[in-house]
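First comes the structure, then the notes that go with it.
Residue numbers (our numbering): 173 to 713.
Structure, rendered in structure tokens:
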């Protein structure tokens with residue numbers, strides 16, 4: 173099928189005409205044959221079964237009955253009148269009722285001719301009635317291109333009122349397939365179809381509109397969904413390649429003392445395979461001339477912050493400054509407290525900048541940034557202020573990037589120094605994103621298995637204990653409350669259980685625990701804390 177043919181205006185399709193075409197354009201945005209073929213059904217109705225009138229039940233959904241119209245009459249009511257037809261088969265009688273379009277229906281109905289009717293029956297005045305049924309002469313019903321599963325297309329009230337019912341749309345679709353002979357140009361390569369065992373484009377379109385069975389419908393839906401996502405992905409890849417070719421970044425050519433010292437002497441736990449893989453990918457990006465714009469996504473507690481820190485160290489090894497921006501002051505303080513201990517050991521200067529930072533400290537941070545003596549800056553939206561000017565920003569990390577707007581992120585990216593060979597700002601960006609919705613966990617089975625290796629021995633023991641006890645309520649592990657990620661929580665009892673110890677020195681740990689406890693208590697939670705040694709020693713006690 174010639175692709176240009178599908179750009180034919182819908183006006184020229186048999187059974188449409190200018191009036192229906194105008195309605196389809198205004199209500200559904202259908203202008204061409206291509207638009208119509210892409211009007212996919214919302215759902216499907218089983219039309220394989222035919223009922224007798226005496227088989228109908230008061231709770232029946234849509235039913236299909238074969239019979240004859242024996243009489244038509246108008247029945248007065250408070251407002252206007254309704255049209256009522258008597259419909260019978262060999263088992264009984266029922267009524268067909270119309271509240272609008274009565275003149276056209278009266279003129280078009282043929283008495284004592286076999287019809288196939290379809291709709292949802294109501295029980296009224298001791299008899300079944302079918303309001304505004306779909307009707308088709310049995311003779312035409314047998315001739316029409318019909319599948320066992322009837323598609324239900326998107327519609328509007330205006331379309332229904334103007335007579336463009338689902339049955340009409342279905343007939344228009346049949347005319348389109350007859351005119352095109354069901355042949356449509358293939359849009360995927362034979363190799364792709366063969367390797368992924370996909371059905372052809374023509375088969376997919378036919379079975380999405382006229383499915384022969386549930387299996388073919390599923391194959392058609394899969395093929396069309398795959399194609400849509402495939403071309404979206406292809407566009408993103410092309411856009412990314414163009415972006416890399418046009419916008420250059422600073423190449424981080426070496427892995428130096430900061431990274432190696434931290435990795436060999438200060439890494440608090442063994443990296444998981446997933447962390448190692450991601451760090452290698454980031455290292456590859458940073459070593460190229462292309463600008464990195466990477467999203468680091470992981471479950472709560474999967475070790476994204478360590479990956480971010482090691483990326484920062486690569487920037488410092490190459491003589492660049494780096495920053496981390498978080499959406500809230502609490503989260504910024506947590507990051508600062510967590511990273512400060514490592515930075516002090518590596519003789520790296522690090523500062524915290526939030527809205528509550530006092531004027532003198534803020535002025536000192538601004539000066540250190542501009543003269544290059546400040547290596548790492550952690551903060552909130554305060555990093556976006558015009559007064560915040562870096563001497564040599566090479567890596568920007570945004571935590572919970574979905575909580576920042578595009579304009580806000582762009583402001584941070586532009587704080588990098590310009591490359592001498594071009595006008596664009598050099599910016600290398602790592603977005604951190606916390607996966608918090610349980611529905612997404614199913615997509616990350618492999619990562620979850622890796623994450624389990626990051627649990628501390630005390631946390632594992634405590635979790636097994638909580639799971640093993642026959643309590644009258646259940647705990648959740650690594651749950652988000654406000655801006656905190658707590659070890660264990662029972663929402664019903666408002667009880668938080670945490671294991672102390674980890675990445676902070678004793679004084680800093682006390683300060684952080686006090687802040688966490690106070691805020692959690694303000695939120696109505698009771699907090700119980702264990703020390704690592706208490707859990708490992710005798711948890712039952």
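For each residue, glycine too, the CB sits at the ideal point set by N, CA and C.
No Cβ-Cβ contact shorter than 8 Å links residue 508 with residue 569. In this structure, the CA atom of residue 416 is about 10 Å from the CA atom of residue 465. Remark: C-beta atoms of residue 347 and residue 178 do not approach each other more closely than 8 Å. Distance from the Cα of residue 490 is smallest, within the candidate group 455, 502, 474, 182, for 455. With a cutoff of 8 Å on beta-carbon distance, residue 218 and residue 321 are scored as near each other.
Following the DSSP letters along the chain, one finds residue 315 inside the alpha helix (DSSP H) bounded by residues 310–315. For residue 403, the three-state secondary structure derived from DSSP is helix.
At a Cβ-Cβ threshold of 8 Å, residue 450 and residue 479 count as neighbours. Taking C-beta separations shorter than 7 Å and ignoring five residues to either side along the sequence, the partners of residue 278 in its chain run 244, 255, following chain order.
Under the three-state reduction of DSSP, residue 540 is assigned to helix. Only residues of its own chain outside the window of five on either side were considered, and among them 189, 190, 193 have a CB closer than 8 Å to the CB of residue 183, listed in chain order.
The DSSP assignment places 274–280 as complete runs of the alpha helix (DSSP H) inside the segment 233–290, in order along the chain (cut-off: 4 residues). Residue 494: member of the beta strand (DSSP E) spanning 493–497, first to last residue.
Residue burial is scored here from C-beta neighbours: residue 522 has at least 16 other C-beta atoms within 10 angstroms and is therefore classed as buried. Distance between residue 494 and residue 587, taken at the CA atoms: about 11 Å. Ranked by Cα distance from residue 446, the first of 436, 205, 463, 474 is 474. Around residue 356, the same chain offers 173, 373, 374, 377 as residues with beta carbons nearer than 7 Å, after the five sequence neighbours per side are excluded.
Here residue 587 carries a coil assignment [DSSP, helix/strand/coil].
Residues of the same chain with a CB within less than 7 Å of the CB of residue 458, apart from the 5 flanking positions on each side, are 424, 464, 486, 600 in chain order. Annotated three-state conformation of residue 216 is strand, per DSSP. By the neighbour-count criterion, in which a residue is buried when 16 or more other Cβ atoms sit within 10 angstroms of its Cβ, residue 253 is exposed. The three-state secondary structure of residue 188, taken from DSSP, is coil. With contacts defined by Cβ atoms closer than 8 Å, residue 496 and residue 525 do not form a contacting pair.
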